[in-house]
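Numbering (the working numbering), first residue to last: 1 to 252.
Glycine residues also receive a C-beta, built at the ideal position from the N, C-alpha and C atoms.
Every value quoted in this text rests on a predicted model; they were computed, and no experiment measured them.
What follows is the structure, given as structure tokens:
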């Protein structure tokens with residue numbers, strides 16, 4: 001939720017990570033949301049483990065998802081985890097945001113195949129290539145991939161083609177992205193395209209969109225005010241149970 005995100009970023013002890021980590025490293029294992037790992041290829045094997053645990057418990061009709069960028073597909077962690085998922089026929093949906101750049105390294109310097117989806121052949125898994133700027137295409141593609149994985153078709157590799165519209169971080173001015181690429185279809189602002197689709201598909205008027213934006217801004221501002229009043233963690237009175245696996249195992 002927005003409140004979970006704010007509590008994590010602002011270091012509230014009431015947040016899902018209990019102020020142990022900030023930024024985007026948050027999750028709720030009890031609810032099936034595993035915290036991300038910055039080296040994104042390593043996140044896949046964590047999802048694999050959760051899926052195998054569910055299978056061993058006898059659960060049915062479940063699916064797990066992991067998300068990485070194009071750069072992570074060149075790591076050993078990606079290869080090992082996707083290969084394991086394929087052999088075990090795990091219901092994994094692996095989403096790759098093909099940003100065209102891994103930090104500043106263009107895709108031409110990352111892989112020789114024509115399309116990232118071609119890599120699926122070597123692992124024996126199904127690939128889905130989507131227009132990552134098109135919300136409708138992504139929703140339909142993810143639904144198809146999730147249904148196939150849940151129904152026993154094994155791992156699904158979903159490639160979302162798009163262009164990262166800013167730098168890798170605030171420190172990166174993305175000077176290496178050409179103007180022609182920014183002006184291409186890949187450079188389309190997905191938020192503007194999504195708004196256009198919603199207007200056409202559901203006849204939503206500008207007044208309603210503006211109201212949604214006002215409500216969202218109000219929710220964020222009120223959330224910031226609430227979180228800033230929640231105080232900071234006290235390390236001298238913290239049980240530090242997160243140093244042991246017992247607490248985590250009880251939540252998975």
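Expressed to the nearest angstrom, what Euclidean distance is found between the alpha-carbon atoms of residue i and residue j?
i           : j           : result
residue 84  : residue 54  : 16 Å
residue 176 : residue 104 : 7 Å
residue 10  : residue 237 : 20 Å
residue 155 : residue 229 : 44 Å
residue 57  : residue 181 : 48 Å
residue 157 : residue 39  : 19 Å
residue 24  : residue 13  : 16 Å
residue 43  : residue 77  : 9 Å
residue 216 : residue 88  : 42 Å
residue 122 : residue 79  : 10 Å
On the DSSP letters alone, give me the boundaries of the alpha helix (DSSP H) that residue i sits inside.
i           : result
residue 79  : 76-88
residue 115 : No alpha helix (DSSP H) holds residue 115; DSSP gives it neither H nor E.
residue 8   : 2-9
residue 179 : 179-182
Taking residue i as the reference, which of the options has the closest Cα?
i           : options           : result
residue 198 : 81, 171, 223, 137 : 137
residue 28  : 39, 5, 38         : 5
residue 131 : 187, 153, 74, 234 : 187
residue 31  : 80, 111, 50       : 50
residue 70  : 235, 220, 161     : 161
residue 106 : 178, 146, 189     : 178
Let's see if you can read the secondary structure: which residues bound the beta strand (DSSP E) around residue i?
i           : result
residue 159 : 156-161
residue 68  : 64-69
residue 126 : 126-131
Assuming residue i and residue j make a contact with CB atoms under 8 Å, what is their CB distance in whole Å?
i           : j           : result
residue 133 : residue 115 : About 17 Å; that fails the 8 Å criterion.
residue 96  : residue 149 : The Cβ separation is near 15 Å, so there is no contact.
residue 2   : residue 223 : 6 Å
residue 117 : residue 127 : 4 Å
residue 163 : residue 110 : Contact flag wrong, Cβ pair sits at about 15 Å.
Just mark residue i as buried or exposed, buried being the case when its beta carbon has 16 or more other beta carbons within 10 Å.
i           : result
residue 206 : exposed
residue 68  : buried
residue 192 : exposed
residue 152 : exposed
residue 202 : exposed
Is the Cβ of residue i closer than 8 Å to any Cβ of chain C?
i           : result
residue 159 : Any reference to chain C falls outside this structure, which holds one protein chain only.
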